[in-house]
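Input: a single structure, listed below in structure tokens.
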Amino acid sequence: MLDLAFIRSNPEAVKEAALLKNNSIDVDALLAIDQQVVALQHEVEEARAKQNQLSKGIQQAAKEKNAELRNNLIAEGKKLAEFIKAKEPELNQLTEERYNLLLMVPNIPDPSTPVGKDEDDNVPFKYWGEAPKFDFQALDHYDLMLKHNLVDIERAVKVAGSRSYVLRGDAARLELALINFAMDKMSRKGFTPLIVPSMARDFAFVGNGQFPKGRDQVYEIKDQDLFLVGTAEVSITGMYKDEILKGEELPLKFVGYSPCFRQEAGTYGKDTRGVFRIHQFNKVEQYIICKANHEESVFWFEQLLQNAEELIQELELPYRVVNVCTGDMGDGKVGMYDIECWVPSEKRYRETHSCSYLHDWQARRANLRYRDEEGKVKFVHTLNNTAIASPRILIPLLETHQQEDGSIRIPEALRPFMGGQEYIGR
Numbered sequence: 001m002l003d004l005a006f007i008r009s010n011p012e013a014v015k016e017a018a019l020l021k022n023n024s025i026d027v028d029a030l031l032a033i034d035q036q037v038v039a040l041q042h043e044v045e046e047a048r049a050k051q052n053q054l055s056k057g058i059q060q061a062a063k064e065k066n067a068e069l070r071n072n073l074i075a076e077g078k079k080l081a082e083f084i085k086a087k088e089p090e091l092n093q094l095t096e097e098r099y100n101l102l103l104m105v106p107n108i109p110d111p112s113t114p115v116g117k118d119e120d121d122n123v124p125f126k127y128w129g130e131a132p133k134f135d136f137q138a139l140d141h142y143d144l145m146l147k148h149n150l151v152d153i154e155r156a157v158k159v160a161g162s163r164s165y166v167l168r169g170d171a172a173r174l175e176l177a178l179i180n181f182a183m184d185k186m187s188r189k190g191f192t193p194l195i196v197p198s199m200a201r202d203f204a205f206v207g208n209g210q211f212p213k214g215r216d217q218v219y220e221i222k223d224q225d226l227f228l229v230g231t232a233e234v235s236i237t238g239m240y241k242d243e244i245l246k247g248e249e250l251p252l253k254f255v256g257y258s259p260c261f262r263q264e265a266g267t268y269g270k271d272t273r274g275v276f277r278i279h280q281f282n283k284v285e286q287y288i289i290c291k292a293n294h295e296e297s298v299f300w301f302e303q304l305l306q307n308a309e310e311l312i313q314e315l316e317l318p319y320r321v322v323n324v325c326t327g328d329m330g331d332g333k334v335g336m337y338d339i340e341c342w343v344p345s346e347k348r349y350r351e352t353h354s355c356s357y358l359h360d361w362q363a364r365r366a367n368l369r370y371r372d373e374e375g376k377v378k379f380v381h382t383l384n385n386t387a388i389a390s391p392r393i394l395i396p397l398l399e400t401h402q403q404e405d406g407s408i409r410i411p412e413a414l415r416p417f418m419g420g421q422e423y424i425g426r
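Residue numbers 1 to 426, in full-length UniProt numbering, belong to the letters of the sequence shown in order.
Listed below in structure tokens is the structure:
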């Protein structure tokens, strides 16, 4: 959510941001409703001020035993009460309409963000590692998993429907190793580990920016005001709703784990082979709450990216980093990088990590603030990035580290979390 005062003062900048982000919000309609709200608020506040004056006049008339004046003032007070009673429902309705429109207003992208319509316009700016060259017939991740009895999709679909999977044997151990590897490395960097609820109330999704726009991607638990999260970010944002933090406590650095769920609406027939696009997955998320300072946000943005790169490098996976364009970055983002790992079977890079900074866009929605050194209360800035998301990361990992004898080499960084095991299938 943007500051309403900013929108009033900079309507053209907000319109431009909406255009760049493929957002259909009608800024003029929002401002028209805002004017109605302000006018009605002024009328109601004036009426209440007059009520207060009349109350004092009634008390004075009673002291002076001026019954006629007292009765006239009481009658006038009743008219004001009726006026306020008549206006308040309209004011409440317009205020709610304004709030709902405010939730749809996008953040202003940083000037360094590439302008574009979709992922095809994202700009790669860094490459690491070399794509593996196999002198044998390499398999894709699904054939590798079938070869080593690492997955059972047929029985998973019987249990839970399409885009479901069961990890078996060393694949299950490997996923747990990846999660522990990421949590361990991030905790040693000073991030506080969290295991957060995979269910959250509506307000947490609104605060994080998933609602109202992304409801079609979220599983709802009927009649309980509970929904399944697609990232620990939702729960962490919700944890601090309506709080005023101490400035000296910031930044707060978290690494949160949760099972995650996503409807994958609009992806029928897309990425149906294997475990790339599924309804349930496990993710470790980096999350930062810092002071309202652009330079500090940018510092942590780059730091979160570096953390993720270090994790991937230790997994020995070639990757690239792309600067995500305006049309692909989402409403709340000021800036966004994606990390894409090389998938040998597809001969292309696929997204495995998303790194974002949002200034106070989430904080305003969640009413999350801090008190600075001068005692002034301000909205915080928030940032997030993936640490590890599985089973998606298994795809480049299994394919990249397959061996000529059909086995899969386990990267050295994961072996302490796999009991020292060096290979799968050998």
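Just so it is clear, CB atoms sit at the ideal spot from N, CA and C, and this is done for glycine as well. In this text the structure is predicted, and so the values were computed from the model without any measurement.
Status (buried if at least 16 other CB within 10 Å, exposed otherwise) for residue i
i, result
"Arg426", "exposed"
"His401", "buried"
"Lys158", "exposed"
"Lys185", "buried"
"Val322", "buried"
"Tyr268", "exposed"
"Lys117", "exposed"
"Ser162", "exposed"
"Val123", "exposed"
"Ser297", "buried"
"Gly419", "exposed"
"Pro212", "exposed"
"Tyr423", "exposed"
"Glu373", "exposed"
"Thr113", "buried"
"Thr272", "exposed"
Other residues of its chain near residue i: CB distance less than 7 Å, five sequence neighbours each side excluded
i, result
"Tyr219", "Phe227, Leu228, Phe261, Gln263"
"Ile253", "What sits at residue 253 in the sequence shown is Lys, not Ile. Gly190, Phe191, Thr192, Ile288."
"Ala308", "Ile339, His353, Cys355, Asn385, Thr386, Ala387"
Range of the contiguous beta strand (DSSP E) that encloses residue i
i, result
"Ser9", "First-last for Ser9: 4-9, but that is the alpha helix (DSSP H), not the beta strand (DSSP E)."
"Pro193", "192-195"
"Thr400", "First-last for Thr400: 394-400, but that is the alpha helix (DSSP H), not the beta strand (DSSP E)."
"Ser390", "381-390"
"Arg320", "319-323"
"Asp338", "335-343"
"residue 431", "There is no way to answer for residue 431, as the model of the chain reaches only from 1 to 426."
"Val157", "Careful: Val157 lies outside any beta strand (DSSP E), inside the alpha helix (DSSP H) at 153-160."
Three-state class that DSSP yields for residue i in the structure shown
i, result
"Thr352", "strand"
"Leu73", "helix"
"Ser55", "helix"
"Arg369", "strand"
"Met199", "strand"
"Val44", "helix"
"Arg273", "coil"
"Lys78", "helix"
"Ile84", "helix"
"Lys364", "A small correction: the amino acid at residue 364 is Arg; Lys does not occupy that position in the sequence shown. Helix."
"Tyr357", "strand"
"Arg98", "helix"
"Val377", "strand"
"Ile33", "helix"
"Arg163", "coil"
"Arg415", "helix"
"Arg215", "helix"
Cut-off 6 Å between Cβ atoms - residues of its own chain near residue i, not counting five sequence neighbours on either side
i, result
"Met104", "Ile25"
"Cys355", "Leu304, Leu305, Tyr337, Asn385"
"Asp405", "none"
"Trp128", "Tyr319"
"Ala232", "Val196, Gly256, Ser258, Glu285"
"Glu316", "Pro411"
"Ile221", "none"
"Leu178", "Ile388, Ser390"
"Phe134", "none"
"Gly274", "His141, Tyr142"
"residue 433", "Limits of the chain in this structure are 1 at one end and 426 at the other, which puts residue 433 out of reach."
"Glu314", "Ala413"
Endpoints, alpha helix (DSSP H) assigned at residue i
i, result
"Asn180", "169-188"
"residue 428", "The chain is shown only over 1 to 426; residue 428 falls outside these bounds and no answer can be derived."
Beta-carbon proximity list for residue i, same chain, < 8 Å, skipping 5 on both sides
i, result
"Gly332", "Pro106, Asn107, Gly209, Ser356, Leu358, Trp361, Gln362"
"Gly57", "Leu69, Leu73"
"Ser55", "Gly77"
Interface flag, residue i vs chain D, CB-CB below 9 Å
i, result
"Glu220", "Of the chains in the structure shown, none is chain D; there is only one protein chain."
Give the list of continuous alpha helix (DSSP H) stretches no shorter than 4 residues that lie fully inside the region 217-267. 232-239
At 4 residues or longer, what runs of the alpha helix (DSSP H) sit wholly inside the region 115-150? 141-147
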